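> Residue numbers (our numbering): 1 to 250.
1. Can you grab the Cα-Cα spacing for the pair residue 110 / residue 86, in whole Å?
2. For a minimum of 4 consecutive residues, which ranges assigned as the alpha helix (DSSP H) are wholly contained in the region 134-202?
3. Could you tell me the boundaries of the alpha helix (DSSP H) in which residue 97 lies?
4. With three or more C-beta pairs closer than 8 Å as the rule, is the region 164-174 touching the region 105-121?
5. Give me the residue from 191, 130, 175, 213 with the minimum Cα distance to residue 150.
6. Residue 184 and residue 226: beta carbons closer than 8 Å?
7. For a test of the three-state rule: what should DSSP assign to residue 209, helix, strand or coil?
8. Who pairs with residue 231 in a beta bridge, going by DSSP?
9. For residue 229, I'd like the list of residues in its chain whose CB is within less than 7 Å of its CB, leaving aside the five on either flank, ordered along the chain.
10. Just list the residues that DSSP pairs residue 240 with in beta bridges.
11. Is residue 202 closer than 8 Å to residue 218 when the C-beta atoms are compared?
12. Pick out whichever of 131, 186, 135, 133 has its Cα sitting closest to the Cα of residue 238.
13. If you run the structure through DSSP and keep just helix, strand and coil, what is residue 122?
14. Assuming residue 250 contacts residue 102 (C-beta within less than 8 Å), just tell me the rounded distance between them.
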């Protein structure tokens, strides 16, 4: 989408009305489609290039859609960011806003090739890390509470924190960190983490397939509008939770 660049401006046709993250890259080093990020967000206004430069000045220029890579355009929208661009998540994607916001806040991250992989299943370890990041609860020194989580695993401090907070319990011996988290497992963790309680049956057509230990959590989150079905009135409790679904429910 980037059609040109110099030391102050690049055009961003097709992104009017969106907020983009941008950074200045060396001349001739910008690869089309690459996701870019920096400390500032800039609004892409139709038929206007927001002026500025590194000094943060104001102003505007006519002639094509564009954003300043050094100005203060973000200030005009009160820093209300938000669209982080991924190759595989455009503005029409059903989870676009949630993915952008959670990427910006550091709760979720994309991949080095500029993709987000929205349909990729989330593991149990990845999900609990995202929950803790969202709640800004940090980590804890791992004490070996699970037989299948080693002290040097990247997720071990998160697992310990979640265990200490009683968000997770595992199966009594193991946490199964690399297993894909199911929709009902995700519901239980969210209900515990955010203290959302409730009881009763759900309105999902496959309500009877929800495990007894997850039924109250699913009902509570559904009643609060946090969890929705997957189509045709189904919840699919045993299905894996995708990265896009994780972004939306968080």
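Using N, Cα and C, we set each Cβ at its ideal position, and we do this for glycine too.
Just so it is clear, the structure is predicted and the values come from calculations on it, not from any experiment.
With the given structure in hand:
1. 8 Å
2. 156-164, 183-193
3. 96-104
4. no
5. 175
6. no
7. helix
8. 234
9. 204, 235
10. 182
11. yes
12. 186
13. coil
14. 6 Å
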